[in-house]
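So the sequence shown is numbered by the working numbering: it starts at 679 and just counts up by one. Below: the structure, in structure tokens.
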Amino acid sequence: MNTKDKTLTQIINYDEEYYMPVFGKRVPLVADHGKGVYLYGTDGKQYMDMIGGIAVNVLGHSNPALVKAVSDQAKKVIHCCNYYYNEPQTMLAKKLVEMSFADKVFFANSGAEANEGAIKLARGYWYKKGTPKPKIITAKMSFHGRTMATIAATGQEKFSIPFGPNVPGFVYVPYNDIDAIKKAADKETGAIMLELIQGESGVHPADAAYVKAVKKFCTENKILLIIDEVQTGVGHTGTFFAYEQYGIKPDIVTLAKGLSGGVPVGAVLATKKAAAGFAPGDHGSTFGGNPLACAAGLAVIDQIESKELLKNVTELGAFTKEKLEKLGKKTKKISEVRGKGLLIGIELTSDSSADVKMKLFEKGFLVSAIGANVIRIAPPLIINKTQINKFISALQDVLQGKE
Ligand SMILES: *Cc1c(COP(=O)(O)O)cnc(C)c1O
């Protein structure tokens, strides 16, 4: 830490004094501004942002088209509430429907809120049919958010136990195990909710055969399939939605993180059939779908399409994976490289992920450490080969103990 930087030490001290300590000891970077894949601290140091705000900054920082869309919209109207119509909301909903399996969209403000919406929609769907089926099967080691229903949906007790009693109705099964789903399902099961890559718990992708089998089981047993694409959506896997790569049609999909490139947003996408779970008055949001967030979402999608960023993700994803696997062979410090596109988990053989994260930070690279031994990267979709090579070379130095 550069103790000469007054802002840095002052902000860290103030944070300790005034902010709830939920994030523990944070990485000592006070973000000042960003440009492209780089984030700059108040101390003037440059960092290559390989985590992109946890898969949020899909266009990198200060993308001119996104900045223009947000500032133009802010000059017109930031918020008007859902008593009224607003054009960006309608047009973003239309765009998402045209791009996906969905017929209808609802906007929220975060991933957890989108998942809350999806859970309510599934329960509302069966209630309205006159055959309530409140049970929802989710996966162990999943992550669906931090609200009361989404910590109950999350198949990791550490997130929910201290905050009980938990919202009832969730059943947890091992991931990638279709028989466990068949065993867990009963007449009360209204939905199955899954991530296609378990991001938070270590970047574990679902097997293609598993996802197909889950879809088939859902169809045969009239169970709604909810796919949580809060992290996998908006391009990081090489397709706009990860489900496209599995050749299935979900009933409900949730989006958030990257959708508006950093402006808070969440979305529930559903087929016409599933969307019947909500009637007027059933759900809502003060901020959800506000003109600012939706103008940002339109700009993000426009940039992804016009700059052919998905092609870049597919190419660079394969390139990065190959480089990392080579690095693993060479250093014997990487046991597995997992993920799709530019959402990658690097499992370390013996090094602590927290140590590697801090050493990379000191070299000017931002990554996330998950669990004891996994480094996660989810860089902006605009990243190039030269930048990836710089990261790989820094990682090599760290793994080989070079200063
Ligand atoms: C991040 C995440 C969430 C929660 O999103 P928030 O915006 O933090 O509420 C939910 N599901 C998945 C898969 C996530 O990665």
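For each residue, glycine too, the CB sits at the ideal point set by N, CA and C.
Inset, instruction - Return yes when at least one heavy atom of ligand 1 lies under 6 Å from the C-beta of GLY880, else no. - result: Taking non-hydrogen atoms of ligand 1 into account, the C-beta of GLY880 is found less than 6 Å away from none of them.
Legend entry - Enclosing beta strand (DSSP E) for THR932 [first to last residue]: 930-933
Legend entry - Test item, CB below 7 Å from any non-hydrogen atom of ligand 1: Those residues, listed in chain order, are ILE732, SER788, GLY789, ALA790, GLU791, ASN793, PHE821, HIS822, GLY823, ARG824, THR828, GLU873, GLY877, GLU878, ASP906, VAL908, GLN909, ALA934, LYS935 and GLY944.
Inset, instruction - Thinking ALA733 and LYS989 are a contact (beta carbons under 8 Å), I'd like their distance in whole angstroms, please. - result: In fact, because the Cβ distance is near 19 Å, the residues do not count as touching under 8 Å.
Legend entry - Classification of ASP929 by the beta-carbon crowding that lies within 10 angstroms, buried from 16 upward: ASP929 comes out buried.
Legend entry - the stretch 1006-1026 in contact with the stretch 1070-1081 per 3-pair CB rule at 8 Å: yes
Inset, instruction - Determine the contact status of ARG1054 and VAL881, defining contact as a CB-CB distance below 7 Å. - result: Yes.
Inset, instruction - Would you tell me roughly how many angstroms separate the C-alpha atoms of PRO1058 and PRO942, rounded to the nearest one? - result: 17 Å
Inset, instruction - Following the continuous alpha helix (DSSP H) through GLN751, name the residue where it begins and the one where it ends. - result: 742-754
Legend entry - Distance, LEU872 Cα to MET679 Cα: No answer about MET679 holds up, because its pLDDT of 48 lies below 50 and its placement is not dependable.
Inset, instruction - Assign PRO1058 to one of three DSSP states: helix, strand, or coil. - result: coil
Inset, instruction - Identify, in the order they occur along the chain, each residue of the same chain with its Cβ nearer than 6 Å to the Cβ of HIS914, setting aside the five sequence neighbours on each side. - result: ALA733, GLY1019, LEU1020, LEU1021 and ALA1056
Inset, instruction - Determine the closest residue to PHE784 out of MET826, THR949 and GLY1006, with distance taken between C-alpha atoms. - result: THR949
Inset, instruction - For the alpha helix (DSSP H) holding GLU776, just list the boundary residues, first then last. - result: 765-777
Legend entry - Outcome for GLU907 when other beta-carbon atoms lying within 10 angstroms are tallied against a minimum of 16: buried
Inset, instruction - From the DSSP output, in three-state form, read off GLN724 for me. - result: strand
Legend entry - Where TYR888 falls: helix, strand or coil (DSSP): Correct three-state label for TYR888: helix.
Inset, instruction - Could you tell me which residues DSSP pairs with GLY944 in its beta bridges? - result: ALA786
Inset, instruction - Could you tell me how far apart the beta carbons of VAL946 and ALA792 are, in whole angstroms, since I believe they sit closer than 8 Å? - result: 5 Å
Legend entry - Cβ shell of ILE905 (< 7 Å), same chain only, five flanking positions each side left out: LEU872, LEU874, TYR921, PRO928 and VAL931
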